[in-house]
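Novice: Sequences listed follow chains W and X, in order. Each residue of the first sequence is one higher than the one before, starting from 1 at the first, in full-length UniProt numbering. Each residue of the second sequence is one higher than the one before, starting from 1 at the first, in full-length UniProt numbering. Here a beta-carbon is modelled for each residue, glycine too, at the ideal position from N, C-alpha and C. Have a look at this one before I ask anything.
2 protein chains.
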Amino acid sequence: MKKQAISSSDKAFNALGDPTRRAIFEKLRVRPLAVVEIADGLPVSRPAVSQHLKVLKDARLIRVHREGTRNLCQIDTRGVLAMRNYLDNFWDIALAAFKQAAEKHKKHE
Amino acid sequence: MKKQAISSSDKAFNALGDPTRRAIFEKLRVRPLAVVEIADGLPVSRPAVSQHLKVLKDARLIRVHREGTRNLCQIDTRGVLAMRNYLDNFWDIALAAFKQAAEKHKKHE
DNA sequence: ACTTACCGTAAGTACAAACTTACCATTAAA
DNA sequence: TTTAATGGTAAGTTTGTACTTACGGTAAGT
């Protein structure tokens, strides 16, 4: 297998592909949380959460900053924007192709 | 053991998390293609492509219909819309949280 | 009927990733 | 300074998944 370039949205899609990371991501949607608060209620250990946070951070989906002994995590808008932009751009190009294909597809299904 | 409910956007994010599937997805953005055309140029075998197409189809990201001996694949707008809706909804709530955090921060100054 | 093109699935393998426990560092409070 | 809270990282295991080859099955052309 050969390595290929990884865009910012690539990492973001990959990060949100995991259900546990999705759960973490959605927990942070409401308000910033410390690591221990994120782990609480999840069916995995705290170290596992730490590892997931690392992935989310690398995908620019969350930001982390120290506050005393706590590591407060919050949503990073950059990763979300990257995905939105990718999908919006995709949408524009795909829509034209879709309309064209819809003509031929009309008699089927 | 970690089985949880899988929404349509869940499957879509998971599907686009794989770089090969991303490549397939983007190939179909321009126009519908047969399986052999999709596999051509990709660094994986055709059966591998078939397996990826299965995942993409299950995530409602592509549609497949027979045409002679060929299986024509095209973008399915439903999966794309599901992701867009998820991100848009997420965006709104996250922004509200930021606003609230900003208010709170202001009060403490 | 035979051949060719197209494609899905089965079986098995190899590597990536998600998880665990154990440990250590840092900070705040007692 | 001792204790408690927080959490990152290492090491190792297990599970998941992306891939391969081999095969069978269908449709179109010869």
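Just curious, the alpha helix (DSSP H) that R46(W) is in, first and last residue?
Specialist: R46(W) -> alpha helix (DSSP H) spans 46-58.
Novice: Just to confirm, are H52(W) and T77(W) a CB contact at a threshold of 8 Å?
Specialist: No, the pair does not count as a contact, with Cβ atoms beyond the cut-off.
Novice: Span of the beta strand (DSSP E) holding R31(W)?
Specialist: First-last for R31(W): undefined, no H or E at that position.
Novice: Roughly how many whole angstroms lie between the Cα atoms of R22(W) and P43(X)?
Specialist: Each residue's Cα considered, the two are about 30 Å apart.
Novice: Work out the CA separation of T69(W) and V80(X) for me, nearest whole Å.
Specialist: If I take the Cα positions, the gap works out to 41 Å.
Novice: For the alpha helix (DSSP H) containing L16(X), name the first residue and the last one.
Specialist: Unbroken alpha helix (DSSP H) run through L16(X): 8-17.
Novice: Along chain W, in chain order, which residues have C-beta atoms closer than 8 Å to that of residue 112(X)?
Specialist: Look at the range of chain X in this structure, 1 to 109, and you will see that residue 112(X) is not part of it.
Novice: For R63(X), list the residues DSSP reports as bridge partners.
Specialist: R63(X) is bridged to Q74(X).
Novice: For my contact list, A15(X) and A59(X) are in at a C-beta cut-off of 8 Å; report their separation, rounded to the angstrom.
Specialist: Right, the Cβ-Cβ distance comes to about 4 Å (below 8 Å), so this counts as a contact.
Novice: What residues in the region 14-38 of chain W have a beta carbon less than 9 Å from any beta carbon of chain X?
Specialist: Going along the region 14-38 of chain W in chain order, one finds N14, A15, L16, G17, D18, P19, T20, R22, A23, F25, E26, L28, R29, V30, R31, P32 with a Cβ nearer than 9 Å to chain X.
Novice: When Cβ atoms are compared, which residues of the region 43-73 of chain X fall closer than 7 Å to chain W?
Specialist: Residues P43, H65.
Novice: Whose C-beta lies closer than 6 Å to the C-beta of V55(X) among residues of the same chain, with five residues either side of it excluded?
Specialist: A15.
Novice: Give me, in chain order, the residues of the same chain whose beta-carbon lies closer than 7 Å to that of A34(X); leave out the 5 immediate sequence neighbours on both sides.
Specialist: R70, N71, L72.
Novice: Could you give the distance in angstroms between the alpha-carbon of R29(W) and the alpha-carbon of L61(X)?
Specialist: Spanning the two alpha carbons is a distance of roughly 26 Å.
Novice: Please work out which residues of its chain come closer than 6 Å, Cβ to Cβ, to M83(X), disregarding the five sequence neighbours upstream and downstream, and give them in chain order.
Specialist: Correct list, in chain order: S9, A12.
Novice: Using the rule of at least 16 other Cβ atoms within 10 Å of the residue's Cβ for burial, across every protein chain shown, is R63(X) buried or exposed?
Specialist: The residue in question, R63(X), is buried, as its Cβ has 16 or more Cβ neighbours within 10 Å.
Novice: Would residue 110(W) pass as a contact of A94(X) if the rule is Cβ separation under 8 Å?
Specialist: For residue 110(W) there is no data in the structure shown, the boundaries of chain W being 1 and 109.
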